[in-house]
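Input: a single structure, listed below in structure tokens.
There are 2 protein chains.
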Amino acid sequence: MSALFDRHRGLLEDAVKALSTRGFWSAFPEIPSGKIYGETAKDDGEASFNALLGKSFEIAGHPETGRLGAEMSPWGPALGISYPASDSAALAAASRAAGDIWADASPERRVGVCLEILTRLNRLSFEIANAVMHTTGQAFAMAFQAGGPHAQDRGLEAVATAWVEMTRTPGEVVWEKPQGKAPSIVLQKNWQVVPRGVALVIGCQTFPTWNSYPGLFASLATGNTVIVKPHPGAILPLALTVKVAREVLVEAGLPADVVLLAVDAVGAEITRDLVTHPDIGIIDYTGSSAFGDWVRDNARSAQVFTEEAGVNSIVIAATDDFAGMCANIAFSLSLYSGQMCTAPQDIFIPRDGIVTNEGHKSFDEVAASIGAAVDALLSDPARAAGVCGAIANPATLECIGKARAFGRVVRDSAPLASGRSATPLIVAVDAAGTKAHEEECFGPVAFAVAVDSAEAGIEAAAGLARRKGAITAALYDTDEARIAGAAKAFARSGVNLSINLTGNIFVNQSAAFSDFHVTGGNPAGNASLTDSAFVTNRFRMAMWRRPKAA
Amino acid sequence: MSALFDRHRGLLEDAVKALSTRGFWSAFPEIPSGKIYGETAKDDGEASFNALLGKSFEIAGHPETGRLGAEMSPWGPALGISYPASDSAALAAASRAAGDIWADASPERRVGVCLEILTRLNRLSFEIANAVMHTTGQAFAMAFQAGGPHAQDRGLEAVATAWVEMTRTPGEVVWEKPQGKAPSIVLQKNWQVVPRGVALVIGCQTFPTWNSYPGLFASLATGNTVIVKPHPGAILPLALTVKVAREVLVEAGLPADVVLLAVDAVGAEITRDLVTHPDIGIIDYTGSSAFGDWVRDNARSAQVFTEEAGVNSIVIAATDDFAGMCANIAFSLSLYSGQMCTAPQDIFIPRDGIVTNEGHKSFDEVAASIGAAVDALLSDPARAAGVCGAIANPATLECIGKARAFGRVVRDSAPLASGRSATPLIVAVDAAGTKAHEEECFGPVAFAVAVDSAEAGIEAAAGLARRKGAITAALYDTDEARIAGAAKAFARSGVNLSINLTGNIFVNQSAAFSDFHVTGGNPAGNASLTDSAFVTNRFRMAMWRRPKAA
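Sequence order for the protein chains is A and B.
If you read the first sequence in UniProt numbering, its first letter stands for residue 1, the second for the next number, and so on.
If you read the second sequence in UniProt numbering, its first letter stands for residue 1, the second for the next number, and so on.
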């Protein structure tokens, strides 16, 4: 057995149990509290982050033919960090060279290593939070939660799922087939997990750890070596992750190159070289649908898991808590300025208005009230910065300008005091006259879309999800028959639906060990975090059998 | 709940248990005995089969724009049966039209229907055995076993695996997240299985039921409708299957078109139309690698599961039962004239011979002794016909002629008294001088391949498996260290290995509920019968969540 496995056995067992019960469970506390993480943890993490700025980031023993790195914080300063860089062939060769030893390590040993990595990453949560904040533009609290404990929980979820699937078949059995009056045929059979080979994880800028950890840890646990290819704008969170992983591997007597970092520069990306490299057996990709198409078309022998773009919708049919609904939607639109893959974009509202606990509300009143709720939420500048964060990619700002022209501006976007920022733009359009809202406008852009009826809104939102992809959908309604119909329609479109959310729970949120993130059932992605399908194709079972010695 | 589910609940529970224990277990008796199947079952089955010959095969309510069917028995006569035929668009439309009701049926109801279909197919085993015999050329005993109970076991295995995966996530849970001193957030969450849509099963001529049932039943159980596309030379076994399935569906109050038959003619196949049809969400394919490549390249949005071609090897390093080894190999080469996807083709033997319990044997002696064992096995004409069966496809005979020229004929192939038949050809070649044996020669062709050493044979066989694909491998050896090394080498190549088989168990045989058939880890196929990966991507889980009413 493995010492690391033994150390973390309780954690694994709890995680495995949570996978099947799917109630609330979390291994890594989401509250950035000194009581949990140590009274100096926050300051220490910030100091560690600051100490990295303007320097060479060292990863012991990592292949290196040069140095790259040009990250700019969306909050202002350049990070000035350079990372070891190498070409795709050298990285693939190093990864493959580490492969046999890692494949031969038992599932227990590999899972022990993965759990130790996750536990150490948890202790680094404040440093990683700063790294995430200054690459993604997330505000600190979100960078801590989503970049730290929530990402670690998603990694653990992948490890636990992989463990369940790897141990589903016994390692060894005796197979005894009766032969009537003749002696039985008795065979000894032995199965082992055979990994696919080298896995590639292609990270995104907005959630470098959260979106990468599931693929990284699912591939690692199942015996594949992993090359982590960060977005050139968000390298540091994954460089810290790779460094920790390599340290744990070496301490466990395993090759550091089981986990490698593939750094590149904007305009000279090596992603295509890696995707098409014949050694790559698995690709986890988070990013645009256009490049996702390319990856799927060009990665012939690799198993490809994707999270791509989509258009998420809210349908407002009726509500018995109009103010609560508007406040809830306002927060969902504002959080990280709509840069979450789960953020809503289209709000379908009947053209003739809706019934609410405050009486009938016209289309314009509903749209305006959501706008007013955004204004109220963001009225305090500190809170506004804490909710909206900054804009990761300057190109996102251009979308705002374009979207203004699509209809009537209900609430305009504006920068905040700090960082490259933009509050939500809300534009009113009519589905009878435009299809502009059917394209993804990534970032703080929402459309209030007038439709014939609540039913028409449900049909439009579900159809859009099926055609263009969607990760989330929300419905506000008081008619149980219509709610049931909507649940069926969105399920058929492969979208998870949140109904009548008010208060401190939002359509954007997806909880590890309970909510599957993405269903895989529409163009927003072909994989789901973390179902069995996410891990089962990362390895194969190979058997030998022989007559059992008497 | 479902009456059919309740009726077969015990069968399902036993099957689910067998999946995890993986000892010997079978639901459907493989012995064609009157005591098991009824004293008149054999005669009744033959009479039912004979009554179908020369007639229109009727499938109530099946789409039909014409009639097709030109099956010829490899044992002689034309079947003269015509089947309802339709084009791909009409079949896809009918399948899709049945989809919503089938998707909405609960997993219990669908699984109940699948289990009832399998149970009725079991009762039809003698009729199906005749249908399999006279389309594939298998001898009756094999046609009964492989075409009947073994195929039904594989179908049941797929249903049980699908059941495990569909019920892994609870249908409904309460999620309660603590909020410190504030009241918890309490959500009700509900999950449902969402199928991909229309599934296509592309059958082969040699094992029309055995190779089709896993995909058929895995797709059905998970809520997909299925279009079954038989090989034009082996329609009847699948036509009977489709007919039974439709009868069960209708009796259960469900649309018959959940299962459809897509008949075509040689030279006017509709397979390409079906593969590229946008409604097809899943494809199960058994057949050549060349067409498999085409399917994978052209089925962009469908999940594709394949079993393709490969080159299976035996390595003879040493043996303590020379006669037993030769007899065992002789049977494996002769069974159904090498037309099994699990049949060995290349027998690697050290050029300097091997150590045996009968003393040293030269390369030539080993090859000749295997040839002599084939002669002995086939010396009785009735037994020869029962072992070899007939040749399904006339093109297979051409391969024999070509292969003769590749080296020195150790044992020549010859026709038997009945049917289009050919006994095994054994050709001696030297790996130092040719690569002819590295290409698949489908049918009764084996190469005795001289190599430098046992280790070189293991390396050659494992490398060949990795490059060209292989479903089985066998090793005869007495050196435990070398056996362990071989086990590792073949596992890395994704091949299941049988070691030192003698007596009544053969490398060709793969037992449902214990042996995974194909690993998915080399070019012989991307799927494994039946692991979780074979079912998990056939459906998605969709959720709705809402605040729980107090």
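Glycine included, every Cβ here is placed at the ideal spot set by N, Cα and C.
- By the neighbour-count criterion, in which 16 or more other beta carbons inside 10 Å mark a residue as buried, A:Ser2 falls on the buried side.
- A:Ile483: member of the alpha helix (DSSP H) spanning Glu480 to Arg492, first to last residue.
- Taking the Cα positions, A:Gly407 is about 6 Å away from A:Val427.
- Interface residue (Cβ-Cβ distance to chain B less than 9 Å): A:Lys17 is not classified as such.
- Taking CB atoms only, A:Phe322 has no neighbour in chain B less than 9 Å away.
- Taken in chain order, the members of the region 168-186 of chain A whose beta-carbon sits within less than 9 Å of a beta-carbon on chain B are Arg168, Thr169, Pro170, Val173, Val174, Trp175, Glu176, Lys177, Pro178, Gln179, Gly180, Ala182, Ser184 and Ile185.
- For A:Phe24, the residues of chain B that pass the 7 Å Cβ criterion are Trp175, Glu176 and Lys177, in the order they occur in the chain.
- Taking a contact as a CB-CB distance under 8 Å, the pair A:Gly494 and A:Thr519 counts as one, their CB atoms being some 4 Å apart.
- Cβ-Cβ distances below 6 Å link A:Ala162 to Ala218, Ala221, Thr222 and Val535 in the same chain, with the five nearest sequence neighbours on each side left out; the list follows chain order.
- Contact between A:Ala98 and A:Pro255 is confirmed by a C-beta separation of about 4 Å, below the 8 Å threshold.
- In the structure shown, A:Ile128 falls within a helical segment according to DSSP collapsed to helix, strand and coil.
- Note that the C-beta distance between B:Val311 and B:Ala151 is not below 9 Å.
- Short of 6 Å from the beta carbon of B:Asn211, and not among the five residues preceding or following it, lie these beta carbons of its own chain, in chain order: Cys204 and Thr286.
- In this structure, B:Thr530 places its C-beta atom within 9 Å of the C-beta atom of B:Phe516.
- The Cβ atoms of B:Ala461 and B:Phe348 sit closer than 9 Å to each other.
- With a threshold of 9 Å between beta carbons, B:Trp544 makes contact with chain A.
- The beta-bridge partner set that DSSP reports for B:Ser498 consists of A:Arg545 and B:Ala474.
- The alpha-carbon separation between A:Ala60 and A:Val132 amounts to approximately 22 Å.
- Linking A:Ile185 to B:Pro32 through their CA atoms gives a straight-line distance of about 20 Å.
- Put simply, the backbone Cα of A:Leu425 is about 54 Å away from that of B:Glu157.
- DSSP, read as helix, strand or coil, puts A:Arg168 in coil.
- A distance below 7 Å between beta-carbons, with the five flanking residues on each side excluded, links B:Ala487 to the following residues of its chain, in chain order: Leu497.
- Bounds of any alpha helix (DSSP H) do not take in A:Arg22, whose DSSP letter is neither H nor E.
- Shortest Cα-Cα distance from A:Lys229 to any of A:Gly389, A:Met541, A:Pro84 and A:Thr472 involves A:Pro84.
- Annotation for B:Gln145: the continuous alpha helix (DSSP H) segment containing it runs Phe140 to Gly147.
- In summary, the residues of the region 509-522 of chain B whose CB is separated from some CB of chain A by less than 8 Å are Ala511, Ser514, Asp515, Phe516, Thr519, Gly520 and Gly521, in the order they occur in the chain.
- Under the rule that a run must span 4 or more residues, the alpha helix (DSSP H) segments found entirely inside the region 375-450 of chain B read 381-388 and 395-404.
- Per the coordinates, the alpha-carbon of A:His134 lies some 22 Å from the alpha-carbon of A:Leu378.
- Nearest C-alpha to A:Val304 among A:Ala323, A:Phe322, A:Asp320 and A:Leu274: A:Leu274.
- B:Lys361 is classed as buried because its beta carbon has at least 16 other beta carbons within 10 Å across all chains shown.
- Residue contact check for B:Met541 against chain A: a CB pair falls below 9 Å.
- Judged by DSSP in its simplified three-state form, B:Ser56 adopts strand.
- For a Cβ distance threshold of 7 Å, residue set Val194 of chain B lies close to A:Arg492, ordered along the chain.
- Contact between the region 358-377 of chain A and the region 167-183 of chain A is not established, with fewer than three Cβ pairs separated by less than 8 Å.
- Distances from the alpha-carbon of B:Lys243 to those of B:Leu121, B:Ala318, B:Gln339 and B:Ala90 put B:Leu121 closest.
- Counting C-beta pairs closer than 8 Å gives three or more between the region 314-322 of chain A and the region 352-360 of chain A, which meets the contact rule.
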